[in-house]
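Q: Pasting a structure below so you can have a look.
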Amino acid sequence: MRQIVTREAITNAGLALLLLVVPLAASVMDEPFYVTLATRITVLALAAVGLNIALGLGGLVSFGHAAFFGLGGYAAGILATHAFNAQPLFLGIQATTSMPAIWLVAVVACGLVALPVGAISLRTSGVYFIMITLAFAQMIYYFAISWPAYGGQDGLSIYVRNTFPGANTAQPLPFFLICYGLLLLGLALFWALGGSRFGAALHTARQNATRLAAVGIAPFKIRLTAFAISAMVTGLAGALFADLNRFASPSMLSWHMSGELIVLIILGGKGRLFGPVAGAMLYVLFEYALGGITERWQLFLGLILLGVVLFARGGLMGLVAGKERYG
Amino acid sequence: MAEPVLEIRDLRKSFGALKATDGVSLHLVSGEIHALIGPNGAGKSTLIHQISGSLTPDSGTIHFLGQDMAGLDMAARAQLGLARSFQTSSLAQEFSALRNVMLAVQARQGSSLRFFRPVMRDRSLAEPAMAMLERVGLADRAHVPAEELSHGERRQLEIAIALALGPKAFLLDEPMAGMGPEGSKNLTGFLDALRREAPILLVEHDMDAVFALADRVSVLVYGRIIATGKVDEIRNDPEVRRAYLGEPA
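Residue numbers (my numbering), protein chains in the order written: chain E, 1 to 327; chain Y, 1001 to 1249.
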């Protein structure tokens, strides 16, 4: 029968614990930089967990998820700016600096954008799907940098980090804990989706869409739903990322960001629950450790990526926990 | 005669200059096995693709249970009860045999937008799926991933998936292909009983199976049906013998 304590489960628990204990210890030792580093890992991991729903479960290689990451970021930035300047948004609606409200706006906005973008993109597949998602994301990117009201190319500063009831978000540790909690929620969502009836259909859409249609389930509907959920999770991470940096940057919308999210997933193991977490840890630590030595740290990251693609298709999680079994 | 379950009228499909389906009309009535035979390249699979909805005909109509199928995609037709098996097995390769059948049970229940309840602990999926695997004799291989099953076992799994859909008609595209004499014999016995559940449009190269099973046979050559009739009539039809059974007239 099914083993409960698998190597993968142990690895997942270890990674989750490590990501929690290091910033706690750093906070005790008064090293806020490491707390911020852990927060960066956490937020990027959440963004990649979102993409992993489309890419890992559904086999939809979206090269446009930066659009949702950036949209979430701008939702945080725009609301904070309006609230800071005490300008109503439109029709007299007041802006807010409350994180839960901002998250809701970010998630809903991403869902609303993802539905039409997905509906058009999912008419294609393979390399065309990759290109059309990229094209949509670039459209949104150029729109953002040419819209002076919200910073244009300069981006949008958030002067004071947005607020969360009962927490001092200006301190690194409380903000990290908020992000960490949301990452766990995102992972729980990914896990529940993957094991549900919807997940069974989505897994089949990835493996063999003809088979899915032949049993009477339209692949398009399943994929579109997955794409929208995926975008919403990535959008939530975007809102956190803007608050982390106190800055909604157009670079969040650029295609480099889309590529970075894909890289995180490939490094960690696509379709694996903790793949994005492992990938984000490796990526950010690399950036930090090698970034201090050479500006060309991405060259070394490229070599590692090459190694993973050639010799360890399952990424880090595949190396540690073996091939994924679906039962 | 009762209303046909499946009725095809004057179906045409061309690929460039090639007339793959050239004015085909045929029907399938309740309780029968209607075999479709013909040499390689006669357009049998093209016809099955049009009936199941993976290809759109240039002209002609397909009615299933009295309903026009024009504009309905493969998933919609399967939902209405038109189950097909594939000439080359088409399975979710990473899923076990059981999960492949569970997906069909889930599709029949019409419940794929449920996001949270875990399927692996859902008896309303696993039990009917297991029953179907038992019917085709694959129960002891239930937990083996489809990609590790033998060729013959995959054919059996295709049948189990089609059964789990509780269909109103079966489209079976060469179910015996590559099965070996023992497997073919077992499947022949199985299909013989299956026609009482739902009629079968059977594309098959194994002539022993066709002549043992079919109530009626249609012979397709170069996209046209050159003869339709009972097994004996087809066996003795001079045109069929010349065109297909490989004997001089």
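Yeah, the Cβ is synthetic: ideal placement off N, Cα and C, and Gly gets one too.
Counting C-beta neighbours from all protein chains within 10 Å, is the total for M1/E 16 or more, i.e. buried, or is it exposed?
A: Working through the first sequence from its first residue, we reach residue 1/E at position 1. Here the model assigns M1/E a pLDDT of 42, short of 50, so the residue's position is not dependable and the matter cannot be decided.
Q: Mind pulling the chain Y residues with CB within less than 9 Å of A9/E?
A: Numbered from 1 along the first sequence, position 9 holds the residue referred to as residue 9/E. Those do not exist, as A9/E stays about 15 Å from chain Y at its closest Cβ, beyond 9 Å.
Q: Please report whether the beta-carbon of H65/E lies at a distance below 8 Å from any beta-carbon of chain Y.
A: The residue given as residue 65/E occupies position 65 in the first sequence. Chain Y, which has no Cβ nearer than 8 Å to the Cβ of H65/E, makes this no.
Q: Since L1098/Y contacts A1126/Y with CB under 8 Å, what's their CB separation in whole angstroms?
A: Stepping through the second sequence from its first residue, residue 1098/Y is reached at position 98. Stepping through the second sequence from its first residue, residue 1126/Y is reached at position 126. About 7 Å; that satisfies the 8 Å criterion.
Q: Go ahead and label S258/E buried or exposed: buried means 16 or more other beta carbons lie within 10 angstroms of its beta carbon, across all protein chains shown.
A: On the first sequence, residue 258/E is found 258 positions in, with the first residue counted as 1. Buried, because 16 or more other Cβ atoms sit within 10 Å of the Cβ of S258/E.
Q: Let me make sure I understand the geometry here. Which of W147/E, T163/E and F164/E has the alpha-carbon closest to that of L156/E?
A: Along the first sequence, one-based indexing puts residue 156/E at 156. Nearest of W147/E, T163/E and F164/E to L156/E, Cα basis: W147/E.
Q: Go ahead and pull the three-state DSSP assignment for G1223/Y.
A: The residue you call residue 1223/Y lines up with position 223 of the second sequence. Coil at G1223/Y, not helix or strand.
Q: Per the DSSP calculation, R1009/Y is bridged to which residue(s)?
A: If you number the second sequence from 1, residue 1009/Y lands on position 9. According to DSSP, which records beta bridges pairwise, R1009/Y is partnered with T1061/Y.
Q: Compute the Euclidean distance between the alpha carbons of L236/E and I132/E, then round it to the nearest angstrom.
A: Taking the first sequence and counting its residues from 1, one reaches residue 236/E at position 236. Taking the first sequence and counting its residues from 1, one reaches residue 132/E at position 132. Their backbone Cα atoms lie some 23 Å apart in a straight line.
Q: In this structure, how does DSSP classify L1149/Y when only helix, strand and coil are distinguished?
A: For this step, residue 1149/Y is matched to residue 149 along the second sequence. Reduced to three states, the DSSP call for L1149/Y is coil.
Q: Starting from the Cα of T1061/Y, find the closest Cα among V1219/Y, L1018/Y and L1006/Y and give me that residue.
A: In the second sequence, residue 1061/Y corresponds to position 61, counting from 1. Taking only the C-alpha atoms, the option nearest T1061/Y is L1006/Y.
Q: Could you check what DSSP says for S1052/Y in three-state terms: helix, strand or coil?
A: Walking along the second sequence from the start, residue 1052/Y turns up at place 52. S1052/Y falls in the helix class under three-state DSSP.
Q: At 8 Å on the CB atoms, spell out the chain Y contacts of V5/E, in chain order.
A: Mapped onto the first sequence, residue 5/E falls at position 5. Within chain Y, no residue comes near V5/E; the closest Cβ sits about 16 Å away, beyond 8 Å.
Q: Determine the chain E residues that contact P1128/Y at a beta-carbon separation under 7 Å, and present them in chain order.
A: Numbered from 1 along the second sequence, position 128 holds the residue referred to as residue 1128/Y. What P1128/Y touches in chain E: nothing, since even the nearest Cβ is about 13 Å away.
Q: Taking buried to mean at least 16 other C-beta atoms within 10 Å of its own C-beta, is F143/E buried or exposed?
A: Indexing the first sequence from 1 puts residue 143/E at position 143. Label assigned to F143/E: exposed.
Q: So, at 8 Å on beta carbons, what are the nonlocal neighbours of R1121/Y in its own chain, with the 5 sequence-adjacent residues on each side left out?
A: Stepping through the second sequence from its first residue, residue 1121/Y is reached at position 121. Hits under 8 Å: none found.
Q: Just mark L183/E as buried or exposed, buried being the case when its beta carbon has 16 or more other beta carbons within 10 Å.
A: On the first sequence, residue 183/E is found 183 positions in, with the first residue counted as 1. Result: buried.
Q: Mind checking Q1067/Y: buried by the 16 CB within 10 Å criterion, or exposed?
A: In the second sequence, residue 1067/Y corresponds to position 67, counting from 1. Exposed is the call here.
Q: Taking 8 Å as the threshold (C-beta atoms), are V1231/Y and V1219/Y in contact?
A: The residue given as residue 1219/Y occupies position 219 in the second sequence. The residue given as residue 1231/Y occupies position 231 in the second sequence. No. Outside cutoff.
Q: Any C-beta of chain Y within less than 7 Å: which residues of the stretch 180–192 of chain E qualify?
A: Within the stretch 180–192 of chain E, the qualifying residues are A192.
Q: Any idea which residues DSSP pairs A1169/Y with across the strands?
A: Position 169 of the second sequence, counted from the start, is the residue given in the question as residue 1169/Y. According to DSSP, A1169/Y bridges with L1082/Y.
Q: Pick from I1200/Y, L1202/Y, A1214/Y and V1101/Y: whose alpha carbon is nearest that of P1145/Y?
A: As a first step, residue 1145/Y must be located in the second sequence, where it is residue number 145. Among I1200/Y, L1202/Y, A1214/Y and V1101/Y, the Cα nearest to that of P1145/Y belongs to V1101/Y.
Q: If you measure from the beta carbon of D1073/Y to each beta carbon in chain E, is any gap under 8 Å?
A: For the purposes of this step, residue 1073/Y is taken as the residue at position 73 of the second sequence. Interface residue, yes.
Q: What residues of chain Y sit near I203/E, judged by a beta carbon separation below 8 Å?
A: Residue mapping note: residue 203/E aligns to position 203 of the first sequence, counting from 1. As written in the sequence, residue 203/E is His, which differs from the Ile given in the question. Here the neighbours are A1092, E1094 and F1095.
Q: Please tell me whether A248/E and I140/E are closer than 8 Å, where the distance is taken between their beta carbons.
A: If you number the first sequence from 1, residue 248/E lands on position 248. If you number the first sequence from 1, residue 140/E lands on position 140. No. Outside cutoff.
Q: How big is the Cα-Cα spacing for A1249/Y and H1034/Y?
A: Stepping through the second sequence from its first residue, residue 1249/Y is reached at position 249. Stepping through the second sequence from its first residue, residue 1034/Y is reached at position 34. Caution applies to A1249/Y, whose pLDDT of 43 falls short of 50 and renders its modelled position unreliable; the value that the coordinates give is listed next. Taking the straight line joining both Cα atoms gives about 25 Å.
Q: Kindly indicate if chain E contains any beta-carbon less than 8 Å away from that of P1057/Y.
A: For the purposes of this step, residue 1057/Y is taken as the residue at position 57 of the second sequence. Cβ-Cβ to chain E under 8 Å: no for P1057/Y.
Q: Less than 8 Å separating the beta-carbons of V1024/Y and I1008/Y?
A: Residue 1024/Y sits at position 24 when you count from the first residue of the second sequence. Residue 1008/Y sits at position 8 when you count from the first residue of the second sequence. In contact: V1024/Y and I1008/Y (Cβ atoms closer than 8 Å).
Q: Short of 6 Å in beta carbon distance, which residues of its chain neighbour P172/E, apart from the five on each side in sequence? Order them along the chain.
A: Your numbering for residue 172/E matches position 172 in the first sequence. Excluding positions up to five away in sequence, the list reads P32, V35 and T36.
Q: If I102/E sits next to N162/E, beta carbons under 8 Å apart, how far is it from one beta carbon to the other, in whole angstroms?
A: As a first step, residue 102/E must be located in the first sequence, where it is residue number 102. As a first step, residue 162/E must be located in the first sequence, where it is residue number 162. 6 Å between Cβ atoms; contact.
Q: Identify every run of the beta strand (DSSP E) within the stretch 1077–1141 of chain Y, keeping only runs that are complete inside it and at least 3 residues long; order them along the chain.
A: Qualifying beta strand (DSSP E) stretches, in chain order: 1082–1085.
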